[in-house]
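Each protein sequence line maps, in turn, to chains A and B. Residue numbering for the first sequence follows this note's numbering, beginning at 1 and increasing consecutively. Residue numbering for the second sequence follows this note's numbering, beginning at 1001 and increasing consecutively. To start, the structure itself, in structure tokens.
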Amino acid sequence: MEDALTTALLLLDATIRVATPLVLAALAGLYSERAGVVDIGLEGKMLTGAFFAAAAAYVTGDPWLGLLAGMAGGLALALVHGFACVTHGGNQVVSGMAINILAIGLAPTLAFAWFAQGGQTPMLPGSARLPQIPMPGVEALGGIPVLGPVYRELVDDTNLLVWAALAAVPVTHWVLFRSRFGLRLRAVGESPAAVDTAGLSVAGLRYKALVISGLLTGMAGAYLSIAHGAGFVRDMTAGKGYLALAALIFGKWRPWPTLFACLLFAFTDALQVRLQGVPLPWIGVIPVQFIQMLPYLLTVLLLAGFVGRAVAPKASGVPYVKER
Amino acid sequence: MAGGGTGVPGAVPGWVDHALLPLLNLLAAFTLSVAVILAIGENPLDVLGLMVQEALGYPEAIGYTLYYATNYVFTGLAVAVAFHCGLFNIGGEGQATIGGLGAGLVGLALTGWPWPLAAAAAILASALFGAAWAWIPGWLQARRGSHIVITTIMFNFIAASLMTYLMVDVLIRPGQQAPESREFDPGVWLPSMEQGLGWFGIAVPPSPLNLSFLWALACCVLVYLFLWRTRWGYELRTVGRNERAAVYAGIRPARVMIVAMLISGALAGFVGVNEILGVQHRLMLNVVGGAGFVGIAVALMGRNHPVGILLAALLFGVLAQGGAQVAFEYPSVNRELVMVIQGLVILFAGALENLFRPRVEALFRRRRAAVSTIQGRG
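What follows is the structure, encoded as structure tokens:
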């Protein structure tokens, strides 16, 4: 019993750690796509955020400056996306792709030139990483059976950005469905012409969404390099941006279901690490790769309408041209 | 949804549309690349000069450049065929991986066959495998409305996982650590260009360049003939231009879309012939190495026309080969610098293709107006 609990807690702990950057990036995509701008550049913005966060944290020794630099990195690429797609009406998928490839090249190129350590930043000392927040009463609760270990493993000493990601979900829900800005944001993703007729700036709203998207992806990247990890390494996002995109679609462009999708995908990831080479009853050993492809497979099935139906915001992917 | 500018047709002469504007975009991309090279503390002229020298300066380098270009022609054509049908196939990477699997299985199975037959079989197999991998997203888009950009991205990851599983657990040569199959029988290897030209008494230094380069050239011609000289190609382009008009013309868009994706996937699959049968001579992981994504840049740069694609593929071949060599020579430059340039080219040639267009068009409108005024007076 005690053993099963420990295993479950370790699994959940790993799930939360993997899910945090996914949640931040998926919400970033949510703002952007709800405003009608397709965002397949999540991966690149995350990677850039991770690099600049680690570089700034290493140089200044201050994790907060690192976080800011990471968010600025994400923001910069988001503005490039906006310049291409909103200002010049360029193809959003092409622009996202360009951002991804640019980031995969730029981050290690700059790291290589600045730190001369083969495309990564030096290891960060503990003081240059974002702090984990100790919770009161761990000792007091420690004696209680189930609750004590759960509190100790999952709640105590959790990184700040984990809480930030968790808080971002209800905030996003509120912004999107309860605030005036959110109403306009959704409108501009469904029917930009109507928003324009109402005298609001389509481009302005889309830029605002992209700014939020850039900041959140930068934060997601910073989590990887200065909170969860201790420095930037080459290709450290390893497809997490695309996984976040899949989670966003799996969550049907809604905050809470997207959180659920992120947790599900993160759980399969944590499970896959645990299941490596372990035979299951009746089934035998499942090759790791099949568990790895599960999130992508599920997303395709959902998109195909075999399990539920995912309908994108109507105007997403379509540049808005004022005069017709 | 993709390809083509928003400009009014005929607003500018053809040479502006097909040469001047792409060159302006390329120039902008290279200007920013120069800025990046300056930022990492190197002399851009030296770096770019060395890049060109190491890519085109001597026969062996040219061999390497053309070998890279071969892959890019295949993936560039793959993206272009889908583009013409209004589909954005980002799945070239996965289709090429699975196409390579097809070519590799042929290589493993056909021990003892003469190479021309093996090559024909491998071309067929890689086309079938690549097409099959593109068929699912194509079918899902055409029949179920699933967004092809997302499904092809997902299929890239599924292909990578599947291939890893096959290499690690199934096709690996027993008794070794590296996830690679056994080497094919040398008889079925696709002859290198060195061998091929050797038959005609022309001596070239050894390089990975092999006869699949000729197949790439043939594919350029075939794609041109298909798109602009057959009814099927006409239907494909009509669907890409205006799906509703296509329906009224008696075309069934869903079917045409699936066919476009089949052809696109087959073309991407040919990367496997070049890499597996021509160079590696065994099945292994990561042979595609981003060629599927470079194909997007190549198609955009080449304006989705085979001639343009060939030229753009050569340009990216120069970048790939020259960039690898520059990374050797300069301590502060690494291989990824090439990806920076690629990314910038995609950005300027693709997403920002309208950056200069309005200004250039306005320029020509003004000139035309001036000319007609003068003629009116005369």
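Note that the Cβ used here is the ideal one computed from N, Cα and C, for glycine as well.
### Query
Between the C-alpha atoms of B/G1005 and B/A1080, what's the straight-line distance to the nearest angstrom?
Below a pLDDT of 50, predicted positions are generally treated as unreliable, and B/G1005, at 42, falls in that range; the measurement from the model is reported next regardless. Cα to Cα, the separation comes out at about 15 Å.
### Query
Is it buried or exposed for B/V1304, if we count other Cβ within 10 angstroms and need 16 for buried?
Residue identity check: residue 1304 of chain B is Asn in the sequence provided, not Val. Buried, by the Cβ-count rule.
### Task
Measure the Cβ-Cβ separation of B/I1346 and A/A98 and say whether it is below 8 Å.
A/A98 sits close to B/I1346, with the two beta carbons spaced by under 8 Å.
### Limits of the unbroken alpha helix (DSSP H) element including B/L1110
In this chain, B/L1110 is not harboured by any alpha helix (DSSP H), its DSSP state being neither H nor E.
### Query
If the cut is a Cβ gap below 7 Å, which residues of chain B does A/Y296 touch?
The answer, in chain order, is M1154, F1157, I1158.
### Cβ pair B/S1207, B/Y1064 closer than 8 Å
Going by C-beta atoms, B/S1207 is nearer than 8 Å to B/Y1064.
### Paired residues, beta bridge with A/G284 - DSSP
Note: A/G284 sits in a beta bridge opposite A/L280.
### Message
Beta carbons nearer than 7 Å to chain A: which residues of the segment 1140 to 1154 of chain B have them?
### Response
Residues of the segment 1140 to 1154 of chain B whose Cβ lies closer than 7 Å to any Cβ of chain A, in chain order: L1140, R1144, S1146, H1147, V1149, I1150, T1151, I1153, M1154.
### Task
Work out the CA separation of B/A1055 and B/I1062 for me, nearest whole Å.
Rounded to whole angstroms, B/I1062 to B/A1055 spans 6 Å at the Cα level.
### alpha helix (DSSP H) segment containing A/C262, residue limits
Under the DSSP assignment, A/C262 falls in the alpha helix (DSSP H) whose first and last residues are 255 to 275.
### Task
At 8 Å on the CB atoms, spell out the chain B contacts of A/I249, in chain order.
Result: I1150.
### Short CB-CB distance (under 8 Å) between A/M97 and chain B
Yes - at least one Cβ of chain B is within 8 Å of the one on A/M97.
### Residue from A/V300, A/R152, A/Y296 with nearest C-alpha to A/L9
It is A/R152 whose Cα lies nearest to the Cα of A/L9.
### Query
Skipping 5 residues on each side, what residues in its chain have a beta carbon closer than 8 Å to that of B/S1385?
Summary: the structure shown does not reach residue 1385 of chain B, with chain B confined to residues 1001 through 1378, and so no result is reported for it.
#### Entry: B/S1146 (DSSP reduced to helix, strand or coil)
Judged by DSSP in its simplified three-state form, B/S1146 adopts coil rather than helix or strand.
### Query
Closest by CA to B/I1309, which one among B/V1318, B/T1152, B/V1298, B/L1319?
If we check each option's Cα against that of B/I1309, B/V1298 comes out closest.
#### Entry: Alpha carbon of A/V311 to alpha carbon of A/F250, nearest angstrom
Straight-line Cα distance between these residues: approximately 10 Å.
### Query
Looking only at DSSP bridge pairs, what is A/N159 linked to?
A/Q132, per the DSSP bridge assignment.
#### Entry: Cβ-based contacts, 9 Å cut-off: residues of the segment 114 to 138 of chain A near chain B
Within the segment 114 to 138 of chain A, contact with chain B at the beta-carbon level (separation under 9 Å) is assigned to W114, A116, G118, G119.
### Query
If you scan the segment 7 to 94 of chain A from start to end, which runs of the alpha helix (DSSP H) of 4 or more residues do you find wholly inside it?
Those alpha helix (DSSP H) runs which fall completely within the segment 7 to 94 of chain A and span 4+ residues are 42 to 60, 63 to 82.
#### Entry: Outcome for B/I1263 when other beta-carbon atoms lying within 10 angstroms are tallied against a minimum of 16
It is buried - the Cβ of B/I1263 has at least 16 other Cβ atoms within 10 Å.
### Query
Since B/L1311 contacts B/H1084 with CB under 8 Å, what's their CB separation in whole angstroms?
At roughly 18 Å, the Cβ-Cβ gap does not stay under 8 Å, so B/L1311 and B/H1084 are not in contact.
### Query
Which term fits B/I1202, buried or exposed, when burial requires 16 or more other beta carbons within 10 angstroms of its beta carbon?
Exposed: under 16 other Cβ atoms inside 10 Å.
### Message
On the criterion of 16 or more Cβ atoms from any shown chain inside 10 Å, does A/W282 qualify as buried, or is it exposed?
### Response
Counting Cβ neighbours within 10 Å, A/W282 comes out exposed, since fewer than 16 surround it.
### Query
Distance, Cα to Cα, B/I1148 vs B/I1136?
Distance between the alpha carbons of B/I1148 and B/I1136 is about 10 Å.
### Message
In whole angstroms, give me the CA-to-CA distance for B/G1112 and B/P1186.
### Response
Rounded to the nearest whole angstrom, the C-alpha separation of B/G1112 and B/P1186 is 9 Å.
### For B/S1192: DSSP bridge partner residues
According to DSSP, which records beta bridges pairwise, B/S1192 is partnered with B/N1210.
#### Entry: Closest Cα partner of A/M123 within the set A/A57, A/Y242, A/M46
If you compare the alpha carbons of A/A57, A/Y242, A/M46 with that of A/M123, the shortest gap goes to A/A57.
### Query
What three-state label does DSSP hand A/T172 in the structure shown?
In this structure, A/T172 counts as helix in the three-state DSSP scheme.
### Message
Cutting at 7 Å between CB atoms, please list the residues of its own chain near B/V1340, excluding the five before and the five after it.
### Response
Within the same chain, B/V1340 has close Cβ partners S1033, V1036.
#### Entry: Min CB distance B/D1169 to chain A below 8 Å
Output row for B/D1169: interface = yes.
### Task
Answer yes or no: does any C-beta atom of chain B fall closer than 8 Å to that of A/G289?
Note on residue identity: the sequence assigns Gln, not Gly, to residue 289 of chain A. Yes, its Cβ sits closer than 8 Å to a Cβ of chain B.
### Within-8 Å CB hit, A/I104 to chain B
Interface residue, yes.
#### Entry: Short Cβ contact (8 Å threshold) for A/L161 with A/I133
The beta carbons of A/L161 and A/I133 sit no closer together than 8 Å.
### Query
Could you give the uninterrupted runs of the alpha helix (DSSP H) lying entirely in the segment 1004 to 1046 of chain B, keeping only those of 4 residues or more?
Runs found: 1021 to 1039.
### Message
Please identify, using Cβ separations under 9 Å, the residues of the segment 71 to 88 of chain A that lie next to chain B, in order along the chain.
### Response
Listed by position along the chain: V80, H81, F83, A84, C85, H88.
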